[in-house]
Amino acid sequence: MQVKKLLLLGVLCIQAIFTSAQEKKSSLGGQVRTSTGAAIPAATIRLQNSRYGTVTDAQGSYKINDLKPGSYVVHVNAIGFKPEKKEIRLVAGETGTLSFSLEESAEQMETVNVIGRTKAQEVNRQAFNVTAIDATKLYNTTLDISGALDRVAGVRVRESGGVGSNFNLSLNGFSGSRIRYFIDGIPMDNFGSSFQINNIPINIAERVEVYKGVVPMWLGSDALGGAINIVTADRYRNYADVSYSYGSFNTHRSVVNAAATHKNGLTLQLSAFQNYSDNNYKMDILAADIYTGQYNQGKTIRRFNDTYHNETVIANVGVLDKGYADKLLFGITLGQNYKEMQTGARPEAVFGAMHRRGNIIMPALKYKKKDLIPGLDVAVNANYNLGYEQNIDTVNARFDWYGTSKPIGTSGERSRTLAKYKNHNGLGTAMFNYNIDANQSIALSNVYNTFDRTAKDELNPASAENERKKKLNKNVTGLGYSYNVADKWSATAFGKMLYQKAVYGSPQPGLTKFGYGTALTYFLNRNLQFRGSYELSNRLPEAQELFGDLENQEGNPNLKPEGSDNVNLGVIYTFNLNRVHNFSLTANGIYRYARDFIFSRYNLNQTKLVLDNKAGVSTIGGDAELRYAYKNWLSAGATMTYQYLKNLEEYVYDTQTSTYVSSPVYLDQMPNIPYLFGNGDISVFLKDIGKKGNNLSIGYNLLYVHAFWLYWPSLGTASAAQKNEVPQQFAHDVNLVYSMAKGRYNISLEARNITDVALYDNFALQKPGRGFYLNLRYFINKHQFKND
C-alpha cells in the first residue's frame, strides 16, 4: 500500500511539473541578505508598475510566479536597511534569479530594535504555545542542544551524569517519548544513540523551537506533551565556521560547519562534530567496600569507568533554487559513539568495565519546492539508519566505588554479553501545503516509520530473547486548515489518524487512534498577543518502550497507548520606554488530563527502569519569562515554572487477591518529577574594546530547582527528614566572550557550577562539579573573502 501511494505521488508530481512547464509563464526568485551574508526575513519585494509582490521567508528567500515575460524593475525594502532596486528581463517558461545584498541604515537602527523581528521572534508569534531559542547567540559557548533547552521556561533536562549520559527532558510535566524531537521538521526517531540532543552542539542549529503541549500538524508525529524542532543553520551559501573547546574532566569538543554553492545552484554542505570527556569528576556518595561491606558516610570518590566520545559527519550535495526544486539534497550521516557505563539506574550498581558502542550510517533525501503548481508547496524527506548498537559485558567481576574488583562466577558484571543489534529504522515524510488565497491554506502530511530489530550475541548464541521478532510499523496522517490575517489574528484546526502494528514474537493486534485540535491567536495591538490551543492527543508506545533499549530500560510489550486532553492559554506583552528600555513578558497556563499515563518505575531488582501505565494523571501549572534590554549593551531575563502532577488512579490491581483495591497513593503528587524550577541570566555587551570591530560580552546564568520527592509522598516515614528527596539546587555559571574583526575570531571562557555544589537530576546520580572551559571559534563567509 505504501509503494502504491509513493507511485501515485510520483505520477502526480511529474504531471504537475509538465503542466506548469506548458504554461510558458515566467517566475522570479532569489535571496535578500545583509552585507555580511545573513538572511533578511520579511523584506518586501515589489515589481514596479505592477500588482505583483511578496515578502522573504525565514531564509531570506522569495519567489513570484505567473509573470508575463518581459522587463521589470524590482524594488526591495527592509526595516533597518537601505532600499535597493534592480532591473531584470524574464524569458518565457524560465525562472529568473535576482538576489540583493542590503546595507544597514544607521538612521533606522533605533526603529529596528523596536519593530524588527528575528526569525525566532516570528516563530514566537504563532498561535501555538511555542518558544524559539536564537541559537546564533550561543555559538561562542560550549553548550549542546540540551544545555540550551534547559534555560527555557517550562523545560527541565535531567541527566544521569556528565557528557553523553542518559537524559530525560521534561516539558510542562510531560517527559520521555511524549516529547518528540525533529531536525528541520524531520522526526529523529531513528537516529540512534550517536545523534541525540545532549551530544549535538548548539552551533549546528540556527534556532531551536520548543512546542509545549499542542504540536502543529505539519510536524507529523504522535507527540503528546510537546516537540523540539532543531532548525539547522543555512543562512550562508558560502562560509566556514570552526570551533574547538577544551575544559575540565579532559573534555574536548569540536564543530565544523561549511557550505559552498556555485552560481548555477550546485551546493555542498558539511557539518561535523565530536565530543570527548573522561567524566572523571568527584562525587559525594555512600560507598561500601566490596570485601568488607562496610559503608563510609560522605566519602568523596572519583568516577573511573565513564569515558564518552562520539564523532559525527553530516554531508549533503545537491541543487538549490531550480525550477523543479528549491532544494534537492542527497545526504549521508555517519557517526559513532563509545560510552563506558559507570552505574545502572541507581548508584548502588557500580560497573568497572561494562561499556557500549554504536554507530549511525544513514543515507537521506530532502526535497522542497514552493509553488510546484501555483499555490502548492511540497516537501518530501526520507532516510534509513543502517547503524548498530552493541553492549559489551565480559568481565566476570563485581566493582565498588573505590575501583576495587572481586571475581565472581561467569555472569559478567550484569549479564555477560557481546550483544550486537540493529534496529533497521526507516522514515519517510511528505508534506503538502496549498495556499487557497492570501489568508487561507490547507495542509496534508504523512509520516511513515518502520523498525525491525535483529540481534546476535556470540556469548549467548542460543538466546531466545534475541531470536524473538521485534518489529514496529507506524503511520501518522494529518490534515489541517489555517486562516491568517497578518498581525491581527490567526486560527488553525487539524486532525490526525495514527496507526501502529507491532510484532513481539508473533503479530500483535493493530492500533488505530484519532486526535484533533485547534490553535488561535489574537493581536490586540502591535505589543499585546493572546493565544490559546486545545488538542485531544494520543501517542502510541515506541519501540524502545515496548522492546527495551538494552541498556538501563527493560521493555514492556503490554504497554498501552496514552491519551491526553491538552489546554494552553498564553499572553505575550512587549513594550519599550523612550526606545532604549525594552521589555518582554511571556506567560502560559496549562492543563493536562492523561489517560493510561506512561511512567517510569524500577524493575524488580531495581537495577533498570521499566515503563508502566497509570489510569489517570492530571497536570496543572504555568510558566513565565520576563526579559529586559537596555539599548544594545545590556540584556537580562528570568524564567519560572510550576507544574503539579496528581495521581488520579483510584483503584489498583492486587496480584495476591486478584481484585482491585483502593490505591494508597490516590491523589498523591507524582514522584520523581521536579515541580518548581527556574533560570536567571544577565549579559553586558561592550563594543569596540581594544579596537574598532572588537566586542566583549560578560554573562551570568543561574539555575534553580526546588527539592522534590523521589517516592510517593504519602508512603514511608512521617518524618520529612527521613524521606528520600532530590535536594534543592542552585547552580551558577559565568562566561566571557571576546570577538574580533566583526566576529571572525572569537575566544570565550566559561566557568560552570562555580560554587561547586552537588547537583542531581536523578536521585544520588551526581552531575559534574565546578568546571572551566576555553572555546575558540573562527567564522568567515563569502562576503568577508571579498573584503580582504
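Letter by letter, the sequence shown follows residues 858 to 1645 of our numbering.
We put the beta carbon where it would ideally sit given N, CA and C, even for glycine.
- G1285 to T1118 span [Cα, whole Å]: Those two C-alpha atoms are separated by around 27 Å.
- Query: How long is the line joining the alpha carbons of V1099 and V1207, rounded to whole angstroms?
  - Reply: The straight-line gap from Cα to Cα measures roughly 38 Å.
- Task: Give the secondary structure of W1346 by DSSP, where H, G and I count as helix, E and B as strand, and everything else as coil.
- Result: Per DSSP, reduced to three states, the secondary structure at W1346 is strand.
- Between which two residues does the beta strand (DSSP E) containing A1588 stretch? Run containing A1588: Q1586 to M1597, per the beta strand (DSSP E) assignment.
- Task: Going by DSSP, name the residue or residues bridged to Y1635.
- Result: Note: Y1635 sits in a beta bridge opposite V1099 and Y1602.
- Query: In chain order, what residues of the same chain lie with their CB nearer than 6 Å to the CB of P1570, ignoring the 5 residues before and after it?
  - Reply: By the criterion of a C-beta distance shorter than 6 Å, P1570 is surrounded in its chain by D1525 and Q1526, once the five residues flanking it on both sides are discounted.
- Task: Note down, one range per segment and in chain order, each alpha helix (DSSP H) of at least 4 residues found wholly within the segment 1102 to 1133.
- Result: List check, alpha helix (DSSP H) in window: nothing returned.
- Item | Reduced DSSP secondary structure (H/G/I, E/B, other) of M1074 | Three-state result, M1074: helix.
- Between which two residues does the beta strand (DSSP E) harbouring I1546 extend? Segment: none, I1546 is in no beta strand (DSSP E) and carries neither H nor E.
- Nearest CA to the CA of Q1386: which residue from I1429, K920 and I1002? That would be I1429, whose Cα lies nearest to the Cα of Q1386.
- Message: Quick check: the segment 1010 to 1029 against the segment 1375 to 1389, are at least 3 beta-carbon pairs closer than 8 Å?
- Response: Counting Cβ pairs under 8 Å, fewer than three are found: no touch.
- State the DSSP-derived secondary structure class of T1378, mapped to helix, strand or coil. In the structure shown, T1378 falls within a strand segment according to DSSP collapsed to helix, strand and coil.
- Message: Here's the rule I'm using: 16 or more other beta-carbon atoms within 10 Å means buried, otherwise exposed. How should D1250 be labelled?
- Response: Of the residues assessed, D1250 falls on the buried side of the cut-off, its CB having 16 or more other CB atoms within 10 angstroms.
- With distances taken from CA atoms, which of Y1448, V1583, F1039 and A1472 is nearest V1304? Closest option to V1304, Cα to Cα, is F1039.
- Query: How many Å lie between P1418 and L1368 at the Cα?
  - Reply: Cα atoms of P1418 and L1368: separation of roughly 9 Å, rounded to the nearest angstrom.
- Query: So S892 and S958 are in contact, right, with Cβ under 8 Å, and what is the actual spacing, rounded?
  - Reply: A Cβ-Cβ separation of about 6 Å places S892 in contact with S958 under the 8 Å criterion.
- Task: Go through its chain and collect everything with a Cβ distance to S1105's Cβ below 6 Å, but skip five positions before and after it.
- Result: Contacts found: G1628 and F1629.
- Message: Can you give me the C-alpha to C-alpha distance between H1438 and E1482, rounded to a whole angstrom?
- Response: Straight-line Cα distance between these residues: approximately 17 Å.
- Query: The beta strand (DSSP E) spanning Q1193 covers which residue range?
  - Reply: Run containing Q1193: K1184 to E1197, per the beta strand (DSSP E) assignment.
- Outcome for V1562 when other beta-carbon atoms lying within 10 angstroms are tallied against a minimum of 16: Buried is the call here.
- Message: Using C-beta distances below 8 Å, list every residue in its chain close to R1273, excluding the 5 sequence neighbours before and after it, in chain order.
- Response: Excluding sequence neighbours, R1273 sits near D1250, T1251, N1253, T1267, L1316 and N1317.
- Query: Between R982, N986, R1008 and F985, which lies nearest to A992 when the distance is taken from Cα to Cα?
  - Reply: Taking each of R982, N986, R1008 and F985 in turn and checking the Cα distance to A992, the smallest one comes out for R1008.
- Q1365 to N1330, Cα distance in whole Å? Near 11 Å, if we compare the C-alpha coordinates of N1330 and Q1365.
- Message: Using only the alpha-carbon positions, how far apart do V1518 and L1416 sit?
- Response: When only Cα atoms are considered, V1518 and L1416 end up about 21 Å apart.
- On the three-state DSSP scale, how would you describe L1533? Strand at L1533.
- Message: Helix, strand or coil, according to DSSP, for S877 in the structure here?
- Response: With a pLDDT of only 41 at S877, under 50, the local geometry of the prediction cannot be trusted, and no value is derived from it.
- Could you give the distance in angstroms between the alpha-carbon of N1290 and the alpha-carbon of K1599? So the alpha carbons of these two residues sit roughly 40 Å apart.
- Can at least three beta-carbon pairs, one atom from the segment 1435 to 1449 and one from the segment 1401 to 1414, be found at a separation below 8 Å? Fewer than three Cβ pairs drawn from the segment 1435 to 1449 and the segment 1401 to 1414 lie within less than 8 Å of each other, which leaves the two stretches out of contact.
- Query: Can at least three beta-carbon pairs, one atom from the segment 1162 to 1174 and one from the segment 1185 to 1204, be found at a separation below 8 Å?
  - Reply: At 8 Å Cβ cutoff, the stretches touch.
- L885 vs L924 beta-carbon contact at 8 Å: Yes, Cβ-Cβ distance for L885 and L924 is below 8 Å.
- Would you kindly work out how many angstroms separate the C-alpha atoms of S1554 and A895, rounded to a whole number? Taking the straight line from one Cα to the other gives about 21 Å.
- Query: With a Cβ-Cβ cutoff of 8 Å, do F1587 and P1531 count as a contact?
  - Reply: No, Cβ-Cβ distance for F1587 and P1531 is not below 8 Å.
- Report all residues from its chain with a CB closer than 6 Å to the CB of N970; omit the five preceding and five following residues, and keep chain order. Note that N970 scores 32 on pLDDT, short of 50, meaning its location in the model is unreliable; the coordinates nonetheless yield the value given after this. Cβ neighbours of N970 beyond the five flanking positions: none.
- Bridge partner(s) assigned by DSSP for M1354: Under DSSP, M1354 takes part in a beta bridge, and its partners are T1334 and F1371.
- Considering only residues of the same chain and omitting the five flanking positions on each side of L995, which have a CB-CB separation below 7 Å? A1005 and I1059.
- Verify whether the separation of the beta carbon atoms of G1244 and G1269 is less than 8 Å. Judged by their CB atoms, G1244 and G1269 are not nearer to each other than the 8 Å cut-off.
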